[in-house]
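Student: What follows is a single structure, and I will ask about it in a moment.
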Amino acid sequence: MDQIAEPSENTVTSTATSRAANTATSRAASTATSSAVPRATTAVPRKTTASRSAAARARAGREPTLIGSVQRALRLLEAVGGFRQGATAKQLARAAGLPLGTAYHLLRTLTHEGYLRRADGRFFYGESAAGFGRSDDRRCERQGLRERMGCLRDELGAAVYFARYRDGEVQLVDVAEDPSRPAVEPWADFRATAHAHAIGQCLLGQLPEEERRDHLARHPPVGLTPSTLTEEAVVLRRLASLRPTMPVLERQEYALGTVCAAVPITIGPLVATMALSLPVAEADRLDAVARQLRCSVGAMGPSFVF
């Protein structure tokens, strides 16, 4: 039987050295591995869409419910107050910071409800908004004027208009019409075409010559129909020839198919007019209804000051 030889001293030393080296290598590898792999930490859950929605609902339960469409409508009403001569839908949309399409829908609703009215392509405060910051007396005066205009419309068989000259511009204040007697469609800017329509001619005729020239310098006469006067000198001569208490007659100068008459209203500093329009097929009635309008306006007294 072979005997197992005892290891020599050199062999033992070599083996011990090898074991120590292996142990050191294992420890180094373990350290490298532990530093390469992150330690497990306690996960902090992120807010999901559902949890955010739940939080929003919780806040909504504590906060008042706000109606966005009402807020937008109020912004439009506030914007109207910033334009003394009225404003177009685009101007109001810009002032209120609303898309034009949204503004159109809201303006249509506000007009239908009477909070706004549309004249000459511009929006003004309507009767339903007349009480905002105004006295009851003033509101009653305005309502009384509208009622009398409605009576005139029925008596004359014509659309009736009330306009005034304020801050250097023609301002169409109100119109009384019905389906059988529709108002003239303001196809051209009413303020810029005062030289052409009876309302504008009547208002400009009440001004001093210097103010007439200033107006025509800002709004030069342009041809709207074959009957429109376009030379400034001719327009000025015509305005100077108008008599203070007589109706101004206009035949198809602003719009084809329409004849008009306007009666001056001079009460203190007020420069205003009451006017009417007829289809051209009834032009033979113009002189008679203009005289009737003049008599009616004279009987109304100072009802136009508001």
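The sequence shown begins at 106 in this note's numbering and counts up one residue at a time. Every residue, glycine too, gets a C-beta built ideally from N, C-alpha and C.
#1: Quick test of your reading: L347 and A366, contact by CB under 8 angstroms. State the CB separation rounded to the nearest angstrom.
#2: Since P369 and Q311 should fall inside the 8 angstroms C-beta cutoff, what is the C-beta to C-beta distance between them, to a whole number of angstroms?
#3: For G249 and A281, which I take to be in contact (beta-carbon distance under 8 angstroms), what is that distance rounded to the nearest angstrom?
#4: Classify V278 as buried or exposed, calling it buried when 16 or more other Cβ atoms lie within 10 Å of its own Cβ.
#5: State the DSSP-derived secondary structure class of T154, mapped to helix, strand or coil.
#6: Any idea what DSSP makes of S131, helix, strand or coil?
#7: Please list the terminal residues of the continuous alpha helix (DSSP H) segment that includes A395.
#8: Quick check: the Cα distance between T193 and F228, rounded to an integer number of angstroms?
#9: Note down the Cα distance separating E274 from Q190, rounded to an integer number of angstroms.
#10: E355 by DSSP, collapsed to three states: which one?
#11: Taking the alpha-carbon of A297 as reference, which of S233, D225, P287 and E290 has the nearest alpha-carbon?
#12: Around the C-beta of S139, are 16 or more other C-beta atoms found within 10 angstroms, so that it is buried, or is it exposed?
#13: What span of residues does the beta strand (DSSP E) with Y266 cover, start to end?
#14: Is the closest heavy atom of the ligand FMN to the C-beta of L334 under 7 angstroms?
#15: Give the DSSP-derived three-state secondary structure of Y220 in the structure shown.
#16: Look at the Cβ atom of A184, then the Cβ atom of L197, and state whether they are nearer than 8 angstroms.
#17: From T330, P331 and A301, pick the residue whose C-alpha is nearest to that of L321; which is it?
Tutor: A quick look at the data gives this:
#1: About 12 angstroms separates the two Cβ atoms, so there is no contact after all.
#2: That belief holds up - the Cβ atoms of P369 and Q311 are roughly 6 angstroms apart, short of 8 angstroms.
#3: Taking a contact as a CB-CB distance under 8 angstroms, the pair G249 and A281 does not count as one, their CB atoms being some 13 angstroms apart.
#4: V278 is buried by the Cβ-count criterion.
#5: Residue placement at T154 cannot be trusted, given a pLDDT of 49 that sits under 50; the coordinates are not used to answer.
#6: With a pLDDT of 48 at S131, under the threshold of 50, the predicted position of this residue should be treated as unreliable, and no value is reported.
#7: Note, A395: alpha helix (DSSP H), L391 to M405.
#8: Rounded to whole angstroms, T193 and F228 show a C-alpha spacing of 6 angstroms.
#9: One C-alpha to the other measures close to 8 angstroms.
#10: E355 falls in the strand class under three-state DSSP.
#11: Comparing Cα positions, the closest option is D225.
#12: Note on S139: pLDDT 45, under 50, position unreliable in the model; the coordinate value appears next. A residue is called buried once 16 or more other Cβ atoms fall within 10 Å of its Cβ, and S139, having fewer, is exposed.
#13: For Y266, the enclosing beta strand (DSSP E) stretches over residues A264 to R271.
#14: With respect to the ligand FMN, the structure offers nothing, as it holds no ligand at all.
#15: The answer is coil: DSSP assigns Y220 none of H, G, I, E or B.
#16: Contact: yes.
#17: If we check each option's Cα against that of L321, A301 comes out closest.
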